[in-house]
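Trainee: Handing you a structure now.
2 protein chains.
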Amino acid sequence: MVEAHKVEIEDAVEAVKKIEKINHIYLVACGGSLAFLQPLEYIFSKEIETPVSLMPAREFSTRDPKALGSNSVVISCSHSGSTPETVEATQKGTDAGATTIAFAFAEDSNLEKAAQHTIHYSWGKGTDASDLNTGVAYTFGFEFLNAVSPNEKFVRGVETVERLEKSVDKVRKQFAPTTAEWTKELKREPLIYAIASGVNSGQAYSFAACWLQEMQWINAGYIHSGEYFHGPFEITDYDVPFIVAKSVGPNRIMDERAAKFAKRFSEKVYEIDEAEFDMSDIDEDLQDYFSQILAGAVYRQIAEGFAYQRGHSLDVRRYMWKLEY
Amino acid sequence: MVEAHKVEIEDAVEAVKKIEKINHIYLVACGGSLAFLQPLEYIFSKEIETPVSLMPAREFSTRDPKALGSNSVVISCSHSGSTPETVEATQKGTDAGATTIAFAFAEDSNLEKAAQHTIHYSWGKGTDASDLNTGVAYTFGFEFLNAVSPNEKFVRGVETVERLEKSVDKVRKQFAPTTAEWTKELKREPLIYAIASGVNSGQAYSFAACWLQEMQWINAGYIHSGEYFHGPFEITDYDVPFIVAKSVGPNRIMDERAAKFAKRFSEKVYEIDEAEFDMSDIDEDLQDYFSQILAGAVYRQIAEGFAYQRGHSLDVRRYMWKLEY
């Protein structure tokens, strides 16, 4: 049986194929969904010449980019399909004559009304990685690339998603004792910085903004590995905690440099080293792209570890969904 | 007498004119210089269809964007002209056959060797705003726009830079007592968040990363006004300080919403409201673009206020320029 999202992806890609020459791809969303689209920005910018921009949804709407028009593609995401800024941005794309493609978990949402094409992903414990948001986004991403610039690498990309669960599961098992230890050590920290670059930027950003600030009320900030040396590194001290993602991509040199420096002066540097991941099921030329999904499993374990250690459930909110704002 | 940078700008713009169709503009730098280029990304994306990307310098080099080639323009900046990552990124552009244009204060730097065109700005107390980095970048930016898409608005943009000093001076005088008060109140804070969006994003980013983290060793983070509601706002509490820039551009709705919410739950919200700036010397359709330069004067006053209140000179560093890293 073909999964529903595969048919939805096929429809969306068919629509993209009809654009004679795509002038711009806009990736627009909010918070965790914005972070979730970031890897597509990274991959597209490396694989095709078509320009791609990642933007907070309302920044996109208010900025009103000049290039937005009938040759543009607007890709958005909202888990509930109800995030007003994302619905608005998607509608803006549709109104401008762009091809609009939305990712959502919920069915029959306002986002679905605003978008020409909606791709639904699955959610919840036990869901296979290929059916979760990132798996579905990657299947779409590689199908999209293969449509606009055919390459067997992209076909392998789609195939890799299918067997992704195994790799995610291995990383989860491998890092379970490690992250349990880390979160025990870090549980009383009032502030934690997340350092990363390249394809991991979205994960590190959402770790800081969603897992820590939103779901644990821990002060946090995302620092780009390269940018660390141009300001932020001056706050490094023996007791300042950094969680550094070390990529397996070409940007690893930045991540390693940041981790190495941080470790000279801070006693609290924790490294998510993707070179330690078992990626034997992923072709070498695709490991950089897929590594962030595995890193995401580790970030989630850290968040779950904090929730357990701090008795602060990841479901607790004081403002979100509780107030009008 | 025509200032040197005007001749340099003219040369650079002439070179850009020779490109039949620019396929992509890359803005690459590090830290404060990256932040300084951000407004150009904002303005270009609103005024022309040519794609423009802002990227940390080494992210650009290691990412190796597919679109980079002989029809690209790479614009970089390094005050000293010696930042290795920026020199490397500029050289990468030159090697790829792109038109490379660098901003620098220093003469005869490595950056100047790597770039085909270098535009030198002035620096130091008493320098007219039109000759400082941002004034020169705006003169270049509007000349660039006028070359690729002639419009009297861009001519007025260049003219506005000429008389900018007066507006900056007025804002400086207006906010001096305010920022003195703010920094007295905030001087013992261990952590301060900077919220902004649109054309102010670069200023708020460099306020957090350079003025606070680097030059005051105060923990800090930049939060996009729209993103605030999708994670970060959950850390809002009565004692969490936020400095919010409220734009005069179309994104003001985001800034106002963030400031309004923050004020409901935090007693420490400080607003840089650009609607309070005297911008009578700036045409209305250009005020959004120029407002960030005025906001920058306020951010700088806050930094100077902290330096005074905390006895921590803005020139003190523990790592930068002191160690090999």
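Going down the list, the protein sequences come from chains A and B. In terms of the working numbering, the first sequence opens at residue 1 and continues consecutively. In terms of the working numbering, the second sequence opens at residue 1001 and continues consecutively. Glycine included, C-beta positions come from ideal geometry on N, C-alpha and C.
1. Does the Cβ of proline 190 (chain A) have 16 or more other Cβ atoms within 10 Å, making it buried, or fewer, making it exposed?
2. Taking the beta carbon of serine 149 (chain A) as the centre, do at least 16 other beta carbons fall within 10 Å, making it buried, or is it exposed?
3. Do you know offhand how far leucine 1145 (chain B)'s Cα is from isoleucine 1048 (chain B)'s?
4. If valine 959 (chain B) sits next to threonine 1050 (chain B), beta carbons under 8 Å apart, how far is it from one beta carbon to the other, in whole angstroms?
5. By Cβ distance below 8 Å, which residues in the same chain neighbour tyrosine 270 (chain A) in space, the five residues on each side in sequence not counted?
6. Should lysine 260 (chain A) go down as buried or exposed, given a rule of 16 or more other Cβ atoms within 10 Å for buried?
7. Taking a cut of 7 Å between CB atoms, which residues from the region 1199-1225 of chain B lie near chain D?
8. Let me see if you follow: with CB-CB separation under 8 Å, is alanine 307 (chain A) close to chain B or not?
9. Which of the three DSSP states is assigned to alanine 1196 (chain B) in this structure?
10. Considering only heavy atoms of the ligand MN, does any lie closer than 7 Å to the CB of serine 291 (chain A)?
11. Have a look at valine 1298 (chain B) and cysteine 210 (chain A) and give me their C-alpha separation to the nearest angstrom.
12. Say whether the region 1156-1175 of chain B touches the region 1214-1227 of chain B, bearing in mind that this needs 3 or more beta-carbon pairs closer than 8 Å, one atom from each stretch.
13. Output yes or no for whether 8 Å exceeds the beta carbon distance between glycine 198 (chain A) and arginine 1058 (chain B).
14. Within 10 angstroms of the Cβ of arginine 1252 (chain B), are there 16 or more other Cβ atoms? Answer buried if so, exposed if not.
15. Under 9 Å between beta-carbons, which chain A residues line up against alanine 1137 (chain B)? List them in chain order, please.
16. Give the C-beta separation of arginine 1317 (chain B) and glutamate 112 (chain A) to the nearest angstrom, bearing in mind that I take them to be a contact with Cβ-Cβ under 8 Å.
17. So which residues on chain B does asparagine 23 (chain A) lean against when the C-beta distance must stay under 9 Å?
18. If you compare alpha carbons, which of B:Asn1200, B:Ile1192, B:Gly1135 is closest to glutamine 1213 (chain B)?
19. Excluding the 5 residues flanking lysine 17 (chain A) on each side, which residues of the same chain have their C-beta closer than 7 Å to its C-beta?
20. Excluding the 5 residues preceding and the 5 following arginine 156 (chain A) in the sequence, name in chain order all residues of the same chain whose CB lies nearer than 7 Å to its CB.
21. So is arginine 1063 (chain B) in contact with chain A if we call contact Cβ pairs under 8 Å?
22. Under 8 Å, do leucine 1027 (chain B) and serine 1053 (chain B) count as touching if we go by C-beta distance?
23. Taking the continuous alpha helix (DSSP H) assigned at lysine 1166 (chain B), which residues delimit it?
24. How many Å lie between phenylalanine 1175 (chain B) and aspartate 1281 (chain B) at the Cα?
25. Please report the distance separating the alpha-carbon of isoleucine 1223 (chain B) from that of isoleucine 1195 (chain B).
26. Within the region 1225-1266 of chain B, note down every full alpha helix (DSSP H) run reaching 4 residues or more, in order along the chain.
27. Which residues in chain B sit within 7 Å of phenylalanine 233 (chain A), going by Cβ to Cβ distance?
28. So with CB distances below 7 Å, who are the chain A contacts of serine 1045 (chain B)?
29. In its own chain, which residues sit with a C-beta less than 8 Å from the C-beta of serine 291 (chain A), not counting the 5 before and 5 after it?
30. Curious, which full-length beta strand (DSSP E) runs of at least 3 residues does the region 91-137 of chain A contain?
31. Quick one: is valine 7 (chain A) buried, meaning 16 or more other Cβ sit within 10 Å of its Cβ, or exposed?
32. Distance, Cα to Cα, cysteine 1077 (chain B) vs aspartate 1108 (chain B)?
33. Counting only beta-carbon separations shorter than 8 Å, does glycine 31 (chain A) have a partner in chain B?
34. Confirm, please, whether the CB-CB distance from cysteine 30 (chain A) to glutamate 88 (chain A) is below 8 Å.
35. What does glutamate 271 (chain A) reach in chain B if we use C-beta pairs closer than 7 Å?
36. Under 8 Å, do alanine 1015 (chain B) and histidine 1117 (chain B) count as touching if we go by C-beta distance?
Mentor: From the atom records:
1. Your numbering for residue 190 (chain A) matches position 190 in the first sequence. Burial call: exposed.
2. For the purposes of this step, residue 149 (chain A) is identified with residue 149 of the first sequence, where counting begins at 1. With fewer than 16 other Cβ atoms within 10 Å, it is exposed.
3. As a first step, residue 1145 (chain B) is located in the second sequence; it is residue number 145 there, counting from the start. As a first step, residue 1048 (chain B) is located in the second sequence; it is residue number 48 there, counting from the start. So the two alpha carbons sit approximately 8 Å from each other.
4. Summary: the structure shown does not reach residue 959 (chain B), with chain B confined to residues 1001 through 1325, and so no result is reported for it.
5. For the purposes of this step, residue 270 (chain A) is identified with residue 270 of the first sequence, where counting begins at 1. Excluding sequence neighbours, tyrosine 270 (chain A) sits near Trp182, Leu186, Pro241, Phe242, Ile243, Val244.
6. Within the first sequence, residue 260 (chain A) is the residue found at index 260, counting from 1. It counts as exposed.
7. Structure shown: chain D not included; protein chains present are A and B.
8. By 1-based counting over the first sequence, the position of residue 307 (chain A) is 307. With 8 Å as the cut-off, alanine 307 (chain A) does not count as an interface residue toward chain B.
9. Working through the second sequence from its first residue, we reach residue 1196 (chain B) at position 196. Note: alanine 1196 (chain B) maps to strand in three-state DSSP.
10. By its list of ligands, the structure shown contains no ligand whatsoever, and the ligand MN lies outside what it can speak to.
11. By 1-based counting over the second sequence, the position of residue 1298 (chain B) is 298. By 1-based counting over the first sequence, the position of residue 210 (chain A) is 210. Roughly 30 Å separates the two Cα atoms.
12. no
13. Position 198 of the first sequence, counted from the first residue, corresponds to residue 198 (chain A). Position 58 of the second sequence, counted from the first residue, corresponds to residue 1058 (chain B). The answer is no: Cβ separation not under 8 Å.
14. Looking up residue 1252 (chain B) in the second sequence gives position 252. Burial call: buried.
15. Translated into the one-based positions of the second sequence, residue 1137 (chain B) becomes position 137. The contacting residues do not exist; alanine 1137 (chain B) stays about 18 Å from chain A at best.
16. Counting from 1 along the second sequence, the entry for residue 1317 (chain B) is found at position 317. Counting from 1 along the first sequence, the entry for residue 112 (chain A) is found at position 112. That pair is no contact at about 52 Å.
17. The residue labelled residue 23 (chain A) in the question sits at position 23 within the first sequence. Simply Glu1049, Pro1051.
18. The sequence position of residue 1213 (chain B) within the second sequence is 213, counting from 1. Taking only the C-alpha atoms, the option nearest glutamine 1213 (chain B) is B:Ile1192.
19. Residue numbering aside, residue 17 (chain A) sits at position 17 when the first sequence is read from its first letter. The answer, listed in chain order, is Ala147.
20. In the first sequence, the residue the question calls residue 156 (chain A) occupies position 156. These residues qualify, in order along the chain: Asp283, Leu286.
21. What you label residue 1063 (chain B) is simply residue 63 of the second sequence in a count that begins at 1. Cβ-Cβ to chain A under 8 Å: yes for arginine 1063 (chain B).
22. Taking the first residue of the second sequence as position 1, residue 1027 (chain B) is located at position 27. Taking the first residue of the second sequence as position 1, residue 1053 (chain B) is located at position 53. Cβ distance < 8 Å, so leucine 1027 (chain B) and serine 1053 (chain B) count as in contact.
23. Position 166 of the second sequence, counting from 1, holds the residue named residue 1166 (chain B). It spans 1164-1186 - the alpha helix (DSSP H) in which lysine 1166 (chain B) sits, taken as one unbroken run.
24. Residue 1175 (chain B) sits at position 175 when you count from the first residue of the second sequence. Residue 1281 (chain B) sits at position 281 when you count from the first residue of the second sequence. Looking at the two C-alpha atoms, the distance is approximately 18 Å.
25. Locating residue 1223 (chain B) in the second sequence gives position 223, where the first residue counts as 1. Locating residue 1195 (chain B) in the second sequence gives position 195, where the first residue counts as 1. So the alpha carbons of these two residues sit roughly 5 Å apart.
26. 1252-1265
27. Locating residue 233 (chain A) in the first sequence gives position 233, counting from the first residue. Neighbours of phenylalanine 233 (chain A) on chain B, chain order: Tyr1319.
28. The residue given as residue 1045 (chain B) occupies position 45 in the second sequence. Simply Arg63, Pro65, Lys66.
29. Taking the first sequence and counting its residues from 1, the one referred to as residue 291 (chain A) is at position 291. Hits under 8 Å: Val199, Asn200, Ser247, Val248, Gly249, Glu274, Phe277, Met279.
30. 99-104, 117-120
31. Along the first sequence, read from residue 1 onward, the residue named residue 7 (chain A) stands at position 7. Looking at its Cβ environment, which holds fewer than 16 other Cβ atoms inside 10 Å, valine 7 (chain A) is exposed.
32. As a first step, residue 1077 (chain B) must be located in the second sequence, where it is residue number 77. As a first step, residue 1108 (chain B) must be located in the second sequence, where it is residue number 108. Their Cα atoms are separated by approximately 14 Å.
33. Sequence index remark: in the first sequence, residue 31 (chain A) carries index 31 (1-based). Yes, its Cβ sits closer than 8 Å to a Cβ of chain B.
34. Residue numbering aside, residue 88 (chain A) sits at position 88 when the first sequence is read from its first letter. Residue numbering aside, residue 30 (chain A) sits at position 30 when the first sequence is read from its first letter. It is not a contact, given that the beta carbons lie outside the stated cut-off.
35. Translated into the one-based positions of the first sequence, residue 271 (chain A) becomes position 271. Simply none; closest approach about 17 Å.
36. One-based indexing of the second sequence puts residue 1015 (chain B) at position 15. One-based indexing of the second sequence puts residue 1117 (chain B) at position 117. Going by C-beta atoms, alanine 1015 (chain B) is nearer than 8 Å to histidine 1117 (chain B).
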